[in-house]
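Novice:
2 protein chains.
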Amino acid sequence: MELEVERRIEVLQRRCAARPNVLAMGGGLPARELFPTQLLSRAFVSALAHRTDESLQYGWPEGNARLRAWVADRLRARGADVDAEDVIVTAGAQQALAIATHVLRGERTGRASVEVDAESYPAALELFRACGAKTVTTMTTGTAGTNGTAGTATERRRYRDVACVYVVPGASNPRGRGLRGERREALLASGAPIIADEAYAELRFDGRTERPLLADARDRVWHVGTVSKALCPGLRVGWLVPPRDGRARALRLKHHEDLETASLSQAILAELFTHIDEDALLTRARLFYRARAERLMAALRRTLPAWRFEEPEGGFSVFVETDADLDDTDLLELAAAHGVTFDPGRMFRASEATRPLALRVCYSAVSGAMLEEGVRRLAAAFREAGRWRR
Amino acid sequence: MELEVERRIEVLQRRCAARPNVLAMGGGLPARELFPTQLLSRAFVSALAHRTDESLQYGWPEGNARLRAWVADRLRARGADVDAEDVIVTAGAQQALAIATHVLRGERTGRASVEVDAESYPAALELFRACGAKTVTTMTTGTAGTNGTAGTATERRRYRDVACVYVVPGASNPRGRGLRGERREALLASGAPIIADEAYAELRFDGRTERPLLADARDRVWHVGTVSKALCPGLRVGWLVPPRDGRARALRLKHHEDLETASLSQAILAELFTHIDEDALLTRARLFYRARAERLMAALRRTLPAWRFEEPEGGFSVFVETDADLDDTDLLELAAAHGVTFDPGRMFRASEATRPLALRVCYSAVSGAMLEEGVRRLAAAFREAGRWRR
Chain P
226 MELEVERRIE VLQRRCAARP NVLAMGGGLP ARELFPTQLL SRAFVSALAH RTDESLQYGW
286 PEGNARLRAW VADRLRARGA DVDAEDVIVT AGAQQALAIA THVLRGERTG RASVEVDAES
346 YPAALELFRA CGAKTVTTMT TGTAGTNGTA GTATERRRYR DVACVYVVPG ASNPRGRGLR
406 GERREALLAS GAPIIADEAY AELRFDGRTE RPLLADARDR VWHVGTVSKA LCPGLRVGWL
466 VPPRDGRARA LRLKHHEDLE TASLSQAILA ELFTHIDEDA LLTRARLFYR ARAERLMAAL
526 RRTLPAWRFE EPEGGFSVFV ETDADLDDTD LLELAAAHGV TFDPGRMFRA SEATRPLALR
586 VCYSAVSGAM LEEGVRRLAA AFREAGRWRR
Chain B
226 MELEVERRIE VLQRRCAARP NVLAMGGGLP ARELFPTQLL SRAFVSALAH RTDESLQYGW
286 PEGNARLRAW VADRLRARGA DVDAEDVIVT AGAQQALAIA THVLRGERTG RASVEVDAES
346 YPAALELFRA CGAKTVTTMT TGTAGTNGTA GTATERRRYR DVACVYVVPG ASNPRGRGLR
406 GERREALLAS GAPIIADEAY AELRFDGRTE RPLLADARDR VWHVGTVSKA LCPGLRVGWL
466 VPPRDGRARA LRLKHHEDLE TASLSQAILA ELFTHIDEDA LLTRARLFYR ARAERLMAAL
526 RRTLPAWRFE EPEGGFSVFV ETDADLDDTD LLELAAAHGV TFDPGRMFRA SEATRPLALR
586 VCYSAVSGAM LEEGVRRLAA AFREAGRWRR
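One line per chain: the protein sequences are P and B, in this order.
Each number in the working numbering corresponds to the 1-based position in the first sequence with 225 added.
Each number in the working numbering corresponds to the 1-based position in the second sequence with 225 added.
1. Of all Cβ atoms in chain P, is any one closer than 8 Å to the Cβ of T528 of chain B?
2. For K454 of chain P and V462 of chain P, what's the separation of their Cα atoms in angstroms?
3. Measuring alpha carbon to alpha carbon, tell me which of B:S345, B:V296, B:A487 and B:L438 ends up nearest G406 of chain B.
4. Give the interface partners of G569 of chain B over in chain P, defined as CB-CB distance under 8 Å, in chain order.
5. For P458 of chain P, go through chain B and note every residue whose CB falls closer than 8 Å to its CB, in chain order.
6. Going along the chain, which residues of its own chain have a beta-carbon closer than 7 Å to the beta-carbon of W464 of chain B, five neighbours each way excluded?
7. If we call anything under 8 Å between Cβ atoms a contact, is T488 of chain P one with E351 of chain P?
8. Given 8 Å as the limit, is there contact between the segment 581-594 of chain P and the segment 540-559 of chain P, that is, 3 or more CB pairs closer than that?
9. Taking 8 Å as the CB-CB limit, is D278 of chain P close to chain B?
10. Give the residues from the segment 251-262 of chain B that approach chain P closer than 7 Å (Cβ to any Cβ), ordered along the chain.
11. Taking only runs that begin and end inside the segment 382-426 of chain B, name each unbroken beta strand (DSSP E) of 3 or more residues, in chain order.
12. Between Y384 of chain P and G570 of chain P, what straight-line distance do the alpha-carbon atoms span, to the nearest angstrom?
13. Closer than 9 Å, Cβ to any Cβ of chain P: which residues of the segment 496-523 of chain B, in chain order?
14. Give me the residue from P:G564, P:A518 and P:I419 with the minimum Cα distance to V387 of chain P.
15. So, is the C-beta of R461 of chain B closer than 8 Å to a C-beta in chain P?
16. Y391 of chain P and G540 of chain P - do their beta-carbons sit closer together than 8 Å?
17. DSSP three-state label for T371 of chain B, please.
18. Using 8 Å as the limit for Cβ to Cβ distance, is E482 of chain P near chain B?
19. Do M250 of chain B and V466 of chain B come within 8 Å of each other at the CB atom, strictly closer than that value?
20. So, does the segment 518-534 of chain P touch the segment 330-349 of chain B, judging by three or more C-beta pairs under 8 Å?
21. Looking at the unbroken alpha helix (DSSP H) that takes in R515 of chain P, where does it start and where does it end?
22. Between which two residues does the beta strand (DSSP E) holding F541 of chain P run?
23. Measure from the C-beta of A316 of chain P to each C-beta in chain B and report whether the shortest distance is under 8 Å.
24. Spatial neighbours of V328 of chain P within its chain, please: C-beta separation below 6 Å, excluding the five flanking residues on both sides.
25. Closest to A606 of chain P by C-alpha separation, out of P:R299, P:E558, P:S592 and P:R574, would be which residue?
26. Indicate the three-state DSSP secondary structure (helix, strand or coil) for H448 of chain P in the structure shown.
27. Please classify Q319 of chain P as buried or exposed, where buried requires at least 16 neighbouring CB atoms within 10 angstroms.
28. Distance, Cα to Cα, V247 of chain B vs L596 of chain B?
29. Could you name the residues of chain P that E332 of chain B contacts, counting a contact when the two beta carbons are closer than 7 Å?
30. Does the CB of S592 of chain P have a neighbour CB from chain B at under 8 Å?
31. Using a C-beta cutoff of 8 Å, does L329 of chain P count as contacting chain B?
32. Rounded to whole angstroms, what's the CA-CA distance from Q238 of chain B to L228 of chain B? Just pull it up for me.
33. Answer yes or no: does any C-beta atom of chain B fall closer than 8 Å to that of F573 of chain P?
34. Looking at chain B, is there any beta carbon in it that lies within less than 8 Å of the beta carbon of A196 of chain P?
35. Comparing C-alpha positions only, which one of P:P261, P:Q282, P:C241 and P:M226 sits nearest to G459 of chain B?
36. Might you give, ordered along the chain, the residues of its own chain that have their beta carbon closer than 7 Å to the beta carbon of R601 of chain B, omitting 5 neighbours on each side?
Below is the structure:
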């Protein structure tokens, strides 16, 4: 993406974030209503009283032992061969992605592309590009599935040229779709290293958490997780489970980059998870976001019937595609004037294509009737954009 | 440093950390007695109650606006031209160092060395080396000062070949010495980019905080600060003030690497600093560490008179030099058996030289009479090492 456009989008987003009357249907923020403030307070008090050093002193680069054991337990319950020693606590999922990317870049030099969905998480795409990799979609295109040639020599050859494959299983970003069936099989059969970003994996509306890719390709999967979506982002805690032969390099990188993840955040979580029923929290979050998703989809279908989107299976957003030959950033500017924001589609596209118009619309942080109001404002901006073009 | 030796040191350190009867005179940990747990608790409660979004939601990559204003105010009071907009909050000083290093590496390709003190902070040295830079000491050697040729054409030429100069002003690590006079002048006259790591700058025993290098070379200094030494490390909060033309690149890197620093840690600090007298805390810390430093030095002089060290002017440690032809890691192993640890001198040396024997001895995290006991154990290990050699 051109720097100038990127800046323009950022300026718009920042300006809107400062105006409370603008409805934020961009950004992918979790709902503040779900932040477990009481539980966090109790965990904080307990951690500081009984685990002062664990909370406030320096720790080891791999992170809090109790928290790593919790991560490993949950992954083992889903079929993966993971011990606490395999887990590295990171500053959110983003740092886990960055570490995996840097290690793989060092290992697989000369392979200058990363295979991604046709639309994917912008900060991952930016990271890959900043590392000098092209983002390509030779096969794992967003909606198409595979062509049934999984594991053939051709597939393997195709994957051999990429540094790695980046996927967001469970509920992708921005489409909120799972990774299943032939596509999953093809990915596993490819032999390529996989960065599996489970940011939304536990927020599927059907309550089913997919078998982690890690469980089927332990030696090639760089597993990434986080508490940012299901609990809250402010702790800035995620984790990386690298292949066993990548752990030492990943840990050195972690040490060089920031020594360790915040002890306090980790200690709060370690306390929290000894006292709460994580699955009850997840169930509540799934129902909550499903209701918002349904309300947004109904409003979109009613108000903007020409806009196409797949029904999300989880996550925070729908990805809207249109036939309109409009610029997404121009539309964002108009939408902001109408009191609503969204994320321009170009940010998500592996190809960086700007046309036809597409947009990510997030339902996660907009409550009740404000979802319909947001869609009305989007429609008004869209109509105005159409008039301007004529 | 060879990977094998590095691992051996780490294994020893980890084993000792798990044994409460081992006195930790290595590691450079701040004293837990100074952790402001009550103040942190009050700040946490206040932040969560009144600033929920600021504490728990995603924020912008540059960090909490109130915290950045606090950093800028304090730097301005010391003579530097810094606004809140110039400050990037980072995951501790280490991430600030890493960002500065990566940006400078991108800008100054082909310059494959970093100028450092003859002894310096190990995690910075490791970072530079991991980035492919040699650590060199053409001029800013630990104790010698300059040769009076500051700013001459020769000096400038010398510095032109380095990617940057890394210094720890105020109180260096491991020597705890200030950066003054001719050395400071030469550095400023050199024209080279400077990474100024102020980790210990506010912990000088004389209570004087040196004028920041930033105040005299705004366009070349990458200023690094942290709350880890004066408050506590567990929040994992530091900051970077890059030259103005480096800000955009630094901020992009921050965004790619971990999106932002933990909102909760930042909000706690922002609350804390509106309610406390930071300078009173600093005064207490200075007196506290000065007392420990004096007690350690007295014990060393009494028990190990052949060991040489400069008196620290601040910080957490002394750097001991000896004439002994002993291996520092062998000595560490013996010391651990005697119930005390230290940091092997090779970790700090730009040259990576292992002989003659040197060691960093930290007084920061050892209380009262345990300092004398620690020195007795060091002496016993040292005597035993001497016997083994014969």
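Note that CB positions come from ideal geometry on N, CA and C, so glycine has one too.
Note that the structure is a prediction, hence the values are computed from the model and not measured.
Specialist: From the atom records:
1. Working through the second sequence from its first residue, we reach residue 528 of chain B at position 303. No, T528 of chain B does not count as interfacial toward chain P.
2. For this step, residue 454 of chain P is matched to residue 229 along the first sequence. For this step, residue 462 of chain P is matched to residue 237 along the first sequence. Straight-line Cα distance between these residues: approximately 11 Å.
3. Residue 406 of chain B sits at position 181 when you count from the first residue of the second sequence. Ranking the options by Cα distance to G406 of chain B, first place goes to B:L438.
4. For the purposes of this step, residue 569 of chain B is identified with residue 344 of the second sequence, where counting begins at 1. Here the sequence assigns Pro to residue 569 of chain B, which means Gly is not the residue at that position. Simply none; closest approach about 17 Å.
5. One-based indexing of the first sequence puts residue 458 of chain P at position 233. Within chain B, the residues near P458 of chain P are L281, Q282, Y283 and S488.
6. Sequence index remark: in the second sequence, residue 464 of chain B carries index 239 (1-based). Within the same chain, W464 of chain B has close Cβ partners V296, V312, I313, V314, T315, A321 and G450.
7. What you label residue 488 of chain P is simply residue 263 of the first sequence in a count that begins at 1. What you label residue 351 of chain P is simply residue 126 of the first sequence in a count that begins at 1. Going by the sequence as given, residue 488 of chain P is Ser instead of Thr. Result no, Cβ atoms of S488 of chain P and E351 of chain P do not sit closer than 8 Å.
8. yes
9. For the purposes of this step, residue 278 of chain P is identified with residue 53 of the first sequence, where counting begins at 1. Yes, because at least one Cβ of chain B sits closer than 8 Å to the Cβ of D278 of chain P.
10. L254, R257, F260 and T262
11. 389-392 and 419-422
12. Here residue 384 of chain P is taken as the residue at index 159 of the first sequence, counted from 1. Here residue 570 of chain P is taken as the residue at index 345 of the first sequence, counted from 1. Distance between the alpha carbons of Y384 of chain P and G570 of chain P: 26 Å.
13. none
14. The count along the first sequence starts at 1 and reaches residue 387 of chain P at position 162. Nearest of P:G564, P:A518 and P:I419 to V387 of chain P, Cα basis: P:I419.
15. The residue you call residue 461 of chain B lines up with position 236 of the second sequence. R461 of chain B counts as touching chain P.
16. Within the first sequence, residue 540 of chain P is the residue found at index 315, counting from 1. Within the first sequence, residue 391 of chain P is the residue found at index 166, counting from 1. Going by C-beta atoms, G540 of chain P is not nearer than 8 Å to Y391 of chain P.
17. In the second sequence, residue 371 of chain B corresponds to position 146, counting from 1. Any answer about T371 of chain B is weak, because its pLDDT of 39 lies below 50 and its placement is not dependable; what the coordinates show is given next. T371 of chain B falls in the coil class under three-state DSSP.
18. Here residue 482 of chain P refers to the residue found at position 257 when the first sequence is read from its first residue. Yes, because at least one Cβ of chain B sits closer than 8 Å to the Cβ of E482 of chain P.
19. Reading the second sequence from its first residue, position 241 is the one you call residue 466 of chain B. Reading the second sequence from its first residue, position 25 is the one you call residue 250 of chain B. Their beta carbons are not under 8 Å apart, which means V466 of chain B does not touch M250 of chain B by this criterion.
20. no
21. Locating residue 515 of chain P in the first sequence gives position 290, counting from the first residue. E503 to T528 is the extent of the alpha helix (DSSP H) around R515 of chain P.
22. Numbered from 1 along the first sequence, position 316 holds the residue referred to as residue 541 of chain P. Looking at the DSSP string, F541 of chain P is not in any beta strand (DSSP E), and its letter there is neither H nor E.
23. Locating residue 316 of chain P in the first sequence gives position 91, where the first residue counts as 1. By this cut-off, A316 of chain P is an interface position.
24. In the first sequence, residue 328 of chain P corresponds to position 103, counting from 1. Closer than 6 Å at Cβ, skipping near neighbours: G471, R474 and A475.
25. Position 381 of the first sequence holds residue 606 of chain P. Nearest C-alpha to A606 of chain P: P:E558.
26. Numbered from 1 along the first sequence, position 223 holds the residue referred to as residue 448 of chain P. In the structure shown, H448 of chain P sits in a strand (DSSP, three-state: E or B).
27. Working through the first sequence from its first residue, we reach residue 319 of chain P at position 94. So Q319 of chain P counts as buried.
28. Locating residue 247 of chain B in the second sequence gives position 22, counting from the first residue. Locating residue 596 of chain B in the second sequence gives position 371, counting from the first residue. Near 12 Å, if we compare the C-alpha coordinates of L596 of chain B and V247 of chain B.
29. As a first step, residue 332 of chain B is located in the second sequence; it is residue number 107 there, counting from the start. Correct list: empty, because the minimum Cβ distance to chain P is about 15 Å.
30. Here the question's residue 592 of chain P lines up with position 367 in the first sequence. It does not: the Cβ of S592 of chain P has no partner Cβ on chain B nearer than 8 Å.
31. In the first sequence, residue 329 of chain P corresponds to position 104, counting from 1. No, because no Cβ of chain B sits closer than 8 Å to the Cβ of L329 of chain P.
32. Counting from one through the second sequence, the residue named residue 238 of chain B turns up at place 13. Counting from one through the second sequence, the residue named residue 228 of chain B turns up at place 3. Looking at the two C-alpha atoms, the distance is approximately 15 Å.
33. Numbered from its first residue, the first sequence carries residue 573 of chain P at position 348. Chain B contact via Cβ: absent.
34. As displayed, chain P neither begins before 226 nor continues past 615, which places residue 196 of chain P out of reach and without an answer.
35. One-based indexing of the second sequence puts residue 459 of chain B at position 234. Ranking P:P261, P:Q282, P:C241 and P:M226 by Cα distance to G459 of chain B puts P:Q282 first.
36. Residue mapping note: residue 601 of chain B aligns to position 376 of the second sequence, counting from 1. T528, listed in sequence order.
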